[in-house]
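Numbering (UniProt numbering), first residue to last: 1 to 417.
Beneath this line is the structure, given in structure tokens, with notes to follow.
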Amino acid sequence: MLAEYFHPFAHGGSEWSVYYLAQALIQQGHKVIVLSPNYGTKTREVWEGLTISRFWFPLKIDPQQPKSLSPFWINNLLFFGLVVINIIRLLKTEEIDVIHVQSKSMLPGAILVKWLTGTPVVVTLRDYFLLCPYGACLTKDRNYRSCDVKYLLTKELPEYYKDYVINPIWWKKAFHFMAAVNARITSFVLRWFLKFADRVICISLKEQLIFEQNGITNTRMIYNLFSEPKAASRRTNEQNILFVGRLTPGKGFDLFLEACRGLTSEKTLRIQIIGDGFLKNLMTSQKDKHRQIILLGQIPHAQTLEYLAQAQVVVVPSRWEEPFGRTALEALMLGVPVVVTNRGGLPEIVTDQRTGYIVEPTISDLKRAIGLALKHNGVLRKQILVDMPKLSHIFYTRPLLQHVSLYKELCYPKSNQ
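See the structure below:
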């Protein structure tokens, strides 16, 4: 498996989706090797039964505070060359049947190795970068069609300045303009390489629909995995509402804060926030007004799961079309009711009014749904436990079998004819 970031530099849901898939495959007796840049640790190690091979990379990251680097560092010819060299190195020393690309920047290198060695390549699409660098154009109003360069620079980029750039003075605008042009060129290049992949996986039906609307039709839908269901979540006497994710408009963080504002009159209510982002200042100002808001920042994944298990309600208020929605899945598998918006793959995870609530990304709808989730919390939890075998099949057993079947198709093509 090829990943831009992995242990101990995992900082998002994509990395943990790779981890859970790898662990599930290992438990089935398959050998998995993850190839990733070395941001400052061992070149090779076995971690929880998983072999991790890391190749030289000029920049370093603090594993205690993992973060993404600028795309400039991993979307260039030098990086693509490093990927090619190190995949070939692994092919010489390991028995590798399939190359599974889990991160878009690793795609060109994997396809080049396929041309050189004939090793089949599987690609999992975890975002919409190949369609549009920002993804804001992929809306129902536009029939989920990606924009052209003119729309990107005249519509999306100004919206990006407004929502994401603090004090957008001229030099910041110039920088982001050049970054947008570079990103658009990169997306075209990556999309061209995608044509040569043997199999392409989408991680939700909605993501698959969006790619199909843009001419990428040779895909299969396989959901992300989560580990086999744990025991019912540990409830506390206090009412905990939890948000996990980037503190950005796309993730709906500002909507979440406003929706919770009217609920903070309850003295026993705690609003816990895990994540980081440029809307942190907004969070700080709200904290001054409402002492129940607890800022936890970016914390390790294991600790995040602990907070998820202790929450009374988890809220995923995304504005944009989430490719999947890992936080919602993790909460449900821990027995915790979830409030989500009707964006992207989120409605495929939650059953409305049974395991949580599905609403429009508006303050009023979120506020109403959070209130209902608190009021009917016990009933929702019982229904989640009843549905747990079904959830386990949909988000663990079936995706694992689908991946194994796909790999076998590529390893033994004649037997599948």
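Backbone N, C-alpha and C define an ideal beta-carbon position, used for all residues, glycine too.
Cα-Cα separation between residue i and residue j, rounded to whole angstroms
i	j	result
P337	A136	28 Å
Q102	P399	15 Å
E4	G275	20 Å
C132	S204	18 Å
C202	W16	16 Å
F79	I96	22 Å
L50	Q28	13 Å
V83	V313	42 Å
I294	L247	14 Å
E94	K31	10 Å
K92	W73	27 Å
F324	S318	11 Å
V316	M221	22 Å
K390	S146	35 Å
A231	G335	Confidence at A231 is low in this model, with a pLDDT of 48, below 50, so its placement is unreliable and no value can be given for it.
Y128	V339	24 Å
G215	F243	35 Å
T117	Q402	25 Å
I210	G344	9 Å
W241	P63	The sequence shown places Ile at residue 241, rather than the Trp named in the question. Taking the straight line joining both Cα atoms gives about 28 Å.
E207	E321	8 Å
W56	R354	49 Å
P347	V46	37 Å
D163	P361	16 Å
K272	Q292	Sequence inspection shows Gln at residue 272; the Lys mentioned does not correspond to that position. Approximately 8 Å, taken between the alpha carbons.
Q213	K140	11 Å
I358	A309	20 Å
Residues near residue i in its chain [Cβ-Cβ closer than 7 Å; skip 5 each side]
i	result
I61	F9, Y39, G40 and K67
residue 421	The shown model of the chain, from 1 to 417, leaves out residue 421, and the question about it has no answer.
D288	At D288 the pLDDT is 49, less than 50, meaning the model places this residue with poor confidence and gives no usable figure here.
L130	K104, S187, L190, R191 and L194
N218	V200
F226	Y20, L329, E330, M333, F395 and Y396
A180	P133, L152, L153 and L157
A373	V313, P337, V339, G356, Y357 and L380
Strand pairing of residue i, partner residues [DSSP]
i	result
T240	Note that residue 240 corresponds to Asn in the displayed sequence, not to Thr. Answer is R270, bridged to N240.
T124	I201
G297	I274
I99	V121
T219	V200
V316	V340
L2	L35 and V101
Same chain only: Cβ atoms within 8 Å of residue i, ignoring 5 sequence neighbours per side
i	result
K53	The displayed chain sequence assigns Ser, not Lys, to residue 53. Cβ neighbours of S53 beyond the five flanking positions: I33, V34, L35, S36, T43, R44, N86 and L90.
G262	K367
H301	A10 and W16
V18	M1, A3, F6, V34 and Q102
I111	V121, F193, F196 and A197
Q23	E48, G49, L50 and S227
G371	L263
Sequence-distant residues of the same chain with beta carbon closer than 6 Å to residue i, five excluded per side
i	result
Q298	D276
Closer than 7 Å: residue i CB and nearest the ligand NAD heavy atom
i	result
F79	Although the ligand NAD was asked about, the structure shown includes no ligands whatsoever.
- prompt: Is it true that the region 161 to 172 meets the region 115 to 124, where meeting means three or more beta-carbon pairs spaced less than 8 Å apart?
  reply: These segments do not touch.
task: List in chain order: all unbroken beta strand (DSSP E) runs of 3+ residues lying wholly within the region 332 to 385.
output: You should have 338 to 341 and 356 to 359.
- request: Assess, as a yes-or-no matter, whether the region 191 to 198 is touched by the region 174 to 182 under the definition of 3 or more beta carbon pairs within less than 8 Å.
  value: Here the region 174 to 182 does not lie against the region 191 to 198, with fewer than 3 beta-carbon pairs under 8 Å apart.
- request: Count the CB pairs spanning the region 360 to 380 and the region 401 to 416 that are closer than 8 Å, and state whether there are at least three.
  value: Result no; under three Cβ-Cβ pairs closer than 8 Å.
message: Could you tell me which whole beta strand (DSSP E) segments of length 3 or greater appear in the region 20 to 78?
response: With a minimum length of 3 residues, the continuous beta strand (DSSP E) runs that stay inside the region 20 to 78 are 33 to 37, 44 to 47 and 50 to 55.
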